[in-house]
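Each residue of the sequence shown is one higher than the last, beginning at 727 in the working numbering.
Think of the CB as a built atom: it goes at the ideal place given N, C-alpha and C, for glycine as much as any other residue.
Here the structure is laid out as structure tokens; the discussion comes afterwards.
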Amino acid sequence: MEWKWCLVDGNTNNLLTGWKEVEGKWYYLNLNGTMLTGWLQHKNKWYYLNSNGVMSCDCVQTIDDKEYKFDSNGALIESFVSDECIDFIKSWEGFSATPYYDEVGVLTLGYGMTGEEIQGITEVAEGQATTMLKDWINNKYAPVIKSDLDSRGITLKQNEFDALVSFAYNCGTGGLLNSTLYRRICEGIRDNSLINNFQAWSNGGGRRIEGLFRRRTKEAAIFLNGDYTGNV
């Protein structure tokens, strides 16, 4: 047998259910009034209730040896990359409301978006393009990199991971995972020799492109120093 905490309405003596705030802290009570602990999915969002029932909010918390971020409302922030990473990528990709062909002839829209997903789209607003970029990063690029790192038992700092995501968004996940750069990072190398490995990926159409060279150099700065200075 074990005790389960419940909350009773002081006026009606009825068991309370759902989200309840007590002294500035939030709890969740199920249909029989029992206080829940652990992970809770509610209205397509995830929340974490600690062993004392208190909801985690506005914090970064380690749960089962993994870090999770929660917003001010307690919802899990399901993003692999930092906001600084998104802003960095945006600064290099630039925004175009309408489709255009980039300097190597690839049809592009919004913030560097290419491929089947933009076919048939004739115009996009900046806010929509930012949302699309975040979705692409968190669903198409970052998970592939994280999965490979996890399979190798490797954990990167946020700035290190962000740098690789920016690289992959520009060069492809296949390009990253099969690169000398990635191999050396997985081997534990963290010195300035990595700058050359980043810069090696500065060509397009068989020639060096100065903008790519500068971007690779800045990505190396993110990885090595946590410097997110973008295309300024």
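Under 8 Å, with one C-beta from each stretch per pair, do the stretch 886-903 and the stretch 808-825 reach the 3-pair mark? yes
Which residues mark the beginning and the end of the alpha helix (DSSP H) in which S919 is found? The residue you call residue 919 lines up with position 193 of the sequence shown. Looking at the DSSP string, S919 is not in any alpha helix (DSSP H), and its letter there is neither H nor E.
Return the chain-ordered list of same chain residues with a C-beta closer than 7 Å to the C-beta of Y954, the five sequence neighbours on each side being excluded. Start at 1 with the first residue of the sequence shown, and residue 954 comes out as number 228. For Y954, where only same-chain residues beyond five positions count, the Cβ hits under 7 Å are E810, F814, I948.
By the DSSP assignment, the beta strand (DSSP E) with F949 in it spans what residues? Here the question's residue 949 lines up with position 223 in the sequence shown. Element bounds for F949: not the beta strand (DSSP E) but the alpha helix (DSSP H), 936-951.
Span separating the alpha-carbon of S798 from that of W772: Locating residue 798 in the sequence shown gives position 72, counting from the first residue. Locating residue 772 in the sequence shown gives position 46, counting from the first residue. Each residue's Cα considered, the two are about 13 Å apart.
Using the rule of at least 16 other Cβ atoms within 10 Å of the residue's Cβ for burial, across every protein chain shown, is I812 buried or exposed? The count along the sequence shown starts at 1 and reaches residue 812 at position 86. So I812 ends up on the buried side.
So, helix, strand or coil for Y774, using DSSP? Residue 774 sits at position 48 when you count from the first residue of the sequence shown. Three-state DSSP puts Y774 in a strand.
Which residue marks the beginning of the alpha helix (DSSP H) containing Y954, and which one marks its end? Translated into positions along the sequence shown, residue 954 becomes position 228. For Y954, there is no enclosing alpha helix (DSSP H), as DSSP marks it with neither H nor E.
Beta-bridge partners of M761, as assigned by DSSP: In the sequence shown, residue 761 corresponds to position 35, counting from 1. Paired residues: L755.
Can V891 and I863 be called in contact, C-beta distance under 8 Å? Within the sequence shown, numbered from 1, the residue matching residue 891 stands at position 165. Within the sequence shown, numbered from 1, the residue matching residue 863 stands at position 137. Yes, the Cβ-Cβ distance between V891 and I863 is below 8 Å.
Does the stretch 876-889 come close enough to the stretch 931-948 that 3 or more CB-CB pairs lie under 8 Å? yes
N- and C-terminal bounds of the beta strand (DSSP E) containing S808: Counting from 1 along the sequence shown, the entry for residue 808 is found at position 82. That residue, S808, is in no beta strand (DSSP E); it is neither H nor E in DSSP.
Please classify C785: does DSSP put it in a helix, a strand, or coil? Working through the sequence shown from its first residue, we reach residue 785 at position 59. DSSP places C785 in strand when its eight states are reduced to three.
Can the beta-carbon of Y827 be found closer than 8 Å to that of L835? Start at 1 with the first residue of the sequence shown, and residue 827 comes out as number 101. Start at 1 with the first residue of the sequence shown, and residue 835 comes out as number 109. Cβ distance not < 8 Å, so Y827 and L835 don't count as in contact.
Determine the direct distance from the alpha carbon of A851 to that of E804, and round the result to whole angstroms. For the purposes of this step, residue 804 is taken as residue 78 along the sequence shown, with counting starting at 1. For the purposes of this step, residue 851 is taken as residue 125 along the sequence shown, with counting starting at 1. Going from the Cα of E804 to the Cα of A851 covers about 24 Å.
What's the C-alpha gap between L902 and G846? Reading the sequence shown from its first residue, position 176 is the one you call residue 902. Reading the sequence shown from its first residue, position 120 is the one you call residue 846. Taking the straight line from one Cα to the other gives about 29 Å.
For R933, count neighbouring C-beta atoms within 10 Å of its own C-beta (all shown protein chains included) and say buried if the count is 16 or more, exposed if not. The count along the sequence shown starts at 1 and reaches residue 933 at position 207. When all chains shown are included, R933 counts as exposed.
Sequence-distant residues of the same chain with beta carbon closer than 6 Å to V830, five excluded per side: Here residue 830 is taken as the residue at index 104 of the sequence shown, counted from 1. Result list for V830: G930, G931, in chain order.
Since L762 and L775 are thought to touch, with beta carbons under 8 Å apart, how far apart are those beta carbons, to the nearest angstrom? Counting from one through the sequence shown, the residue named residue 762 turns up at place 36. Counting from one through the sequence shown, the residue named residue 775 turns up at place 49. About 5 Å; that satisfies the 8 Å criterion.
Which whole-angstrom value is the C-beta distance of L950 and N904, which I expect to be below 8 Å? Mapped onto the sequence shown, residue 950 falls at position 224. Mapped onto the sequence shown, residue 904 falls at position 178. Contact flag wrong, Cβ pair sits at about 22 Å.
Give the DSSP-derived three-state secondary structure of W745 in the structure shown. Numbered from its first residue, the sequence shown carries residue 745 at position 19. Three-state result, W745: strand.
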